[in-house]
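**Q**
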Amino acid sequence: MRPDQNPSATLRAERLFADYGGPPVVKDLTAEIPTGEITAIVGANASGKSTLLRALARLLRATEGAVYLDGADICRLPTRSVAARLGLLPQSPRAPDGVLVEDLVRRGRYPHQRLFSQWSKTDDLAVEQALELTGLVEMRQRAVDELSGGQRQRAWIAMALAQDAPMMLLDEPTTFLDIAHQVEMLDLLARLNQTENRTVVMVLHDLNQACRYASHIIALADGRIEAAGRPTEVVTAELIERVFGLKVSVISCPVTDTPLCIPYRHNY
Amino acid sequence: MTRTARLCTASAAAILALAVVGLVVGDFPVSARSAIATAIWDRGGEFDFVINTLRFPRVVVAVLAGICLAVSGALFQALIDNPLVSPDIIGIDTGAAACAVAILAIGLDTRWLPYAAFAGAVGTAGLIFVLSWRRGFSGGRLVLVGIGINALLTAVITYLLVRFPIERVSAAARWQAGTLSSSSWSDARTLVIGLAVLLPVAFLLIRRLRVMQLGDDMALALGVGLERSRLAVITVGCGLAAVVVAVVGPLGFVALLVPHVARAMAGTLSGGVLLLTALLGAVMLLSADLVAQRLFAPTVLPAGVVTAAAGGPYLLFVLRRFNRAA
């Protein structure tokens, strides 16, 4: 670990309300993100998953309550100091036309640079590491818009890695990827969590993937927490029915022993 | 040497070469050797008036104004993430022109023209900014408001030209075409002051802009204060355009085109690419002015006519490619 890396960060929401200028989308929500683990936020469409993630990343200001990063109200902290502790990958990030992989990754170093400072050795090292961890060293001079979906997503992860934040928030990192690339992406995040000890918080649509990769699940329904905890403890047929309105049978996954939800057929 | 550095060196060499051509060509023949000598070390010689009063300041003004316009265009295009945006398209130049025509129409002397133009440019920028502000700020809205204001101000200019006696407003019509032919050392000084203040800020804003290009969410997540940064970029971009319009009048297309050319040659925005953009701006305006002077000599065209004549087709070409990509 390099000297400028923050060892860890803690994040929690307290009595949080958030909205987009209309009725509250996240309502009176209190949650603690376990440091050093993988947390998955799951829930039906419009249950407030992305809104919660945006509020946790201070992209959305709480209307009531607050999000605390290392014990301080995240909206009162200097935005750069937050950026050094908390990285975010939005759902569909936008790359400038023709930008090269390496150039994109270098932009992730912004929170560590000062107004007049030069590009440093530490910056170089962080970019190299990020490219290596995501397996993009060979593709560094390729244009991001020429990459495949999976490679492009890895380039964005590399950019977030170069940011060197001990905590990473990701909004549906597997959307638009086929199943092989979904697994590749989640394996990459699991590896970053294990080897680099990064805290990962992600919104996931696929319940079974959430159970498989996360050690902590936050299940939302209508902007409130229905259940939070270890997948093996909280994911039950009854919870899935409450959260998704779907009848399922929960069995143990033959590969990972994590809960596996099998929906019943609806008879129309 | 990196590709960008090589391109910058080549552009700098092109500027020097074009500057020499600018000193040499004209109705009064002067050899390259004596032209350079008169301009640099043998001031006050035989050709002093032709070189140091007529041609040299004009060359210097073309270089400085080209830099200002190109950098201004690059800032706007990066900020709004739209390659079809530049200060002249959102009405900054038209605002300057409206103000300039207005003071001539009410009978003020042409010596007030630069001040009026500067005030008009800054005022228009402020107006666009205020009108496009709605709980924050969007680039798309700024462009739409700007285009609307541009149309409105064009109508104002037409009204003034029709309503007031032609003797008064004819000077304005000529100024509106954007000409370098009466450039003086005091014009050059104004541009140097503007560049000295604004250009370093433009370069300092690059890091921020590179992050802002990744979208609002990403920029916020990486710790960029969006509203303040946007205000800074717009202020610098408008400032650069305003100084030029005050000194040489509205010169279309340089701000729009040069950033494209620089991007096509050297890639997405960085400090090096901005430097290349600045140098290419100087190359383009110097060349345009030379063509304007010599194409139909002894009749001298305004440089703005040449930049528009060259820029229009290129814009169509870019639009075509843009549509195909979308």
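So the sequences go chain by chain: A and B. Residue numbering for the first sequence follows the working numbering, beginning at 1 and increasing consecutively. Residue numbering for the second sequence follows the working numbering, beginning at 1 and increasing consecutively. Beta carbons are placed, not taken as given, at the ideal position from N, Cα and C, and that holds for glycine.
1) Could you tell me the alpha carbon to alpha carbon distance between Met202 of chain A and Leu214 of chain B, rounded to whole angstroms?
2) How is Phe17 of chain A classed by DSSP in three states: helix, strand or coil?
3) So is Thr235 of chain B in contact with chain A if we call contact Cβ pairs under 7 Å?
4) With 8 Å as the C-beta to C-beta threshold (strictly closer), list the residues of the segment 213-225 of chain B near chain A in chain order.
5) Could you name the residues of chain B that Asp123 of chain A contacts, counting a contact when the two beta carbons are closer than 8 Å?
6) CA-CA distance, Leu207 of chain A and Ser270 of chain B?
7) Short of 6 Å in beta carbon distance, which residues of its chain neighbour Phe253 of chain B, apart from the five on each side in sequence? Order them along the chain.
8) Near Ala78 of chain B, which residues of its chain fall below 7 Å by C-beta distance, leaving aside the five closest residues on each side in sequence?
9) Suppose the cutoff is 8 Å on Cβ atoms and the five residues either side in sequence are ignored; what does the same chain contact list for Leu100 of chain A look like?
10) Take Arg152 of chain A and list the residues in its own chain whose beta-carbon comes closer than 7 Å to its own, dropping the five residues that flank it on each side.
11) Does the beta carbon of Arg80 of chain A come closer than 7 Å to any beta carbon on chain B?
12) Could you check the C-alpha separation between Thr258 of chain A and Thr232 of chain A for me, to the nearest Å?
13) Whole angstroms are fine: how far does the CA of Glu226 of chain A sit from the CA of Ala219 of chain A?
14) Please decide whether Arg210 of chain B counts as near chain A, where near means a Cβ-Cβ distance under 7 Å.
15) What residue range does the alpha helix (DSSP H) around Val233 of chain B cover?
16) Any beta carbon from chain A within less than 7 Å of Thr268 of chain B's own beta carbon?
17) Name the chain B residues that come within less than 8 Å of Ala83 of chain A, Cβ to Cβ?
18) Could you check where the alpha helix (DSSP H) with Thr195 of chain A kicks off and where it finishes?
19) Here's the rule: buried if 16 or more other CB atoms are within 10 angstroms of the residue's CB, otherwise exposed. What is Met185 of chain A?
20) According to the neighbour-count rule (16 or more other Cβ atoms, all chains shown, within 10 Å of its Cβ), is Met284 of chain B buried or exposed?
21) With C-beta atoms as the reference, is Leu195 of chain B less than 7 Å away from Cys8 of chain B?
22) Which full runs of the beta strand (DSSP E) of 3+ residues lie inside the segment 67-114 of chain A, going along the chain?
23) May I ask you to verify whether the segment 165-180 of chain B touches the segment 101-113 of chain B, counting CB pairs closer than 8 Å and requiring at least 3?
24) Whose C-beta lies closer than 7 Å to the C-beta of His205 of chain A among residues of the same chain, with five residues either side of it excluded?
25) Give a yes or no on whether the minimum CB-CB distance between Leu308 of chain A and chain B is below 7 Å.
26) For Ala13 of chain B, count neighbouring C-beta atoms within 10 Å of its own C-beta (all shown protein chains included) and say buried if the count is 16 or more, exposed if not.
27) So, at 8 Å on beta carbons, what are the nonlocal neighbours of Val201 of chain B in its own chain, with the 5 sequence-adjacent residues on each side left out?
28) Looking at the secondary structure, which residues open and close the alpha helix (DSSP H) in which Pro24 of chain A lies?
29) Mind listing which residues of the segment 285-309 of chain B have their C-beta closer than 9 Å to chain A's C-betas, in chain order?
30) Pick out whichever of B:Pro298, B:Ala74, B:Leu204 and B:Ala155 has its Cα sitting closest to the Cα of His260 of chain B.
31) According to the Cβ coordinates, are Leu86 of chain A and Ala162 of chain A closer than 7 Å?
32) Which of the three DSSP states, helix, strand or coil, is assigned to Met1 of chain B?
33) Leaving aside the five residues before and after Ala326 of chain B along the sequence, list all residues of the same chain whose C-beta is less than 8 Å from its C-beta, in chain order.
34) Return the Cβ separation of Ala282 of chain B and Thr4 of chain B in integer angstroms, given the expectation that the two are a contact with Cβ distance under 8 Å.
35) Spell out a yes or no on whether the segment 110-126 of chain A and the segment 44-57 of chain A are touching, meaning 3 or more CB-CB pairs, one atom from each, closer than 8 Å.
36) Let me know if Tyr20 of chain A comes out buried or exposed under the rule of 16 or more other beta-carbons within 10 Å of its beta-carbon.
**A** Checking against the coordinates, here is how it stands:
1) Looking at the two C-alpha atoms, the distance is approximately 20 Å.
2) strand
3) Closer than 7 Å: no.
4) Gln213, Leu214, Gly215, Asp217, Met218, Leu220, Ala221, Leu222, Gly223, Val224 and Gly225
5) Using a Cβ-Cβ cut-off of 8 Å, Asp123 of chain A is close to nothing in chain B; its nearest Cβ partner there is about 12 Å away.
6) If you take the alpha carbons of Leu207 of chain A and Ser270 of chain B, they lie about 42 Å apart.
7) Cβ neighbours of Phe253 of chain B beyond the five flanking positions: Thr307, Ala308 and Gly311.
8) Leu209, Gln213 and Leu269
9) Arg140, Gln141, Arg142, Ala143 and Val144
10) Val144
11) yes
12) Answer to the nearest angstrom: the Cα atoms are 6 Å apart.
13) 6 Å
14) yes
15) Leu226 to Val248
16) Answer yes: the Cβ-Cβ gap between Thr268 of chain B and chain A drops below 7 Å somewhere.
17) Ala221, Leu222 and Gly223
18) Ile179 to Thr195
19) buried
20) buried
21) no
22) Those beta strand (DSSP E) runs which fall completely within the segment 67-114 of chain A and span 3+ residues are 86-89.
23) yes
24) Glu172
25) As displayed, chain A neither begins before 1 nor continues past 268, which places residue 308 of chain A out of reach and without an answer.
26) exposed
27) Ala232 and Val236
28) No alpha helix (DSSP H) holds Pro24 of chain A; DSSP gives it neither H nor E.
29) Answer in chain order: no residues at all.
30) B:Ala74
31) no
32) coil
33) Because the pLDDT of Ala326 of chain B is 46, which lies under 50, any placement of that residue in the model is unreliable, and the number read from its coordinates should be weighed accordingly. Cβ within range, chain order: n/a, list empty.
34) Not a contact, Cβ separation roughly 16 Å.
35) no
36) exposed
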